[in-house]
Amino acid sequence: MNTRFLIVVAAVASAVAFVPIAAPVPAIAKTMKECAAEWDKMKAANQTGGMKYRDFTKQCMSGGAAPVGAAPARTTPTTAAPAPAAGGAAPTAAGKTGRQAMIARERACGAEWKADKAAGKIPAGQKWPQYWSECDKRKKAQGM
6 MNTRFLIVVA AVASAVAFVP IAAPVPAIAK TMKECAAEWD KMKAANQTGG MKYRDFTKQC
66 MSGGAAPVGA APARTTPTTA APAPAAGGAA PTAAGKTGRQ AMIARERACG AEWKADKAAG
126 KIPAGQKWPQ YWSECDKRKK AQGM
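Take 6 as the starting number for the sequence shown in my numbering and just add one per residue.
Given below as structure tokens:
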């Protein structure tokens, strides 16, 4: 029994000796509470750059988060919004993915739906899906 135990211990010890050391844990790993406080500071200073809280905490707790005063990892363009096209069309949705542009159109159409419904401008029998279809086509034509 003792011999088997010694053989197992020796095998494990030799296996551990040949295993390369894993990536070192950063010495400055932060707690969730510290990362949340840092996020609040960055958010108050409008320095999140479109980064989501979940992504930030993963990065922060692994030791890779940018300090509060530094530029965020993901930045958004700081150019001015484009001027409306001739005829009063809305500015284009440059920089948005297809899904983000669709969501922006849906929200704009939803606001129009509520305003038109309150003003009594919705044709009799028209429901949201039909209104959305027409409004979406109109918004796409305007470049939204």
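Built from N, CA and C at the ideal position, the CB exists for glycine as well.
Contact check between the region 101-120 and the region 134-147: three or more CB pairs, one atom from each, fall below 8 Å, which counts as touching. Exclusion of the five residues before and after tyrosine 58 leaves Trp44 as the residues of its chain whose Cβ lies within less than 7 Å of its Cβ. Excluding five sequence positions before and after cysteine 40, the CB atoms of its chain that fall closer than 8 Å to its own CB belong to Phe61, Thr62, Cys65, Met66 and Ala70, given in chain order. By the C-beta density criterion, lysine 132 is exposed, having fewer than 16 other C-beta atoms within 10 angstroms. Measuring C-alpha to C-alpha distances from methionine 149 to each of Met56, Ile108, Gly125 and Ala16 identifies Ile108 as the nearest. Excluding sequence positions up to five before and after aspartate 121, its CB lies within less than 6 Å of the CB of Ile127, all in the same chain and listed in chain order. Around the beta carbon of lysine 144, 16 or more other beta carbons lie within 10 angstroms, which makes this residue buried. Distance from the CA of asparagine 51 to the CA of threonine 102, rounded to the nearest whole angstrom, comes to 22 Å. Separation of methionine 47 and glycine 54 (C-alpha to C-alpha, rounded to the nearest whole angstrom) is 9 Å.
In the DSSP annotation of this structure, the continuous segment of the alpha helix (DSSP H) that includes methionine 107 starts and ends at 103-124. Apart from sequence neighbours up to five positions away, no residue of its chain approaches alanine 15 with a beta-carbon distance below 7 Å.
For lysine 46, the enclosing alpha helix (DSSP H) covers residues 37-49.
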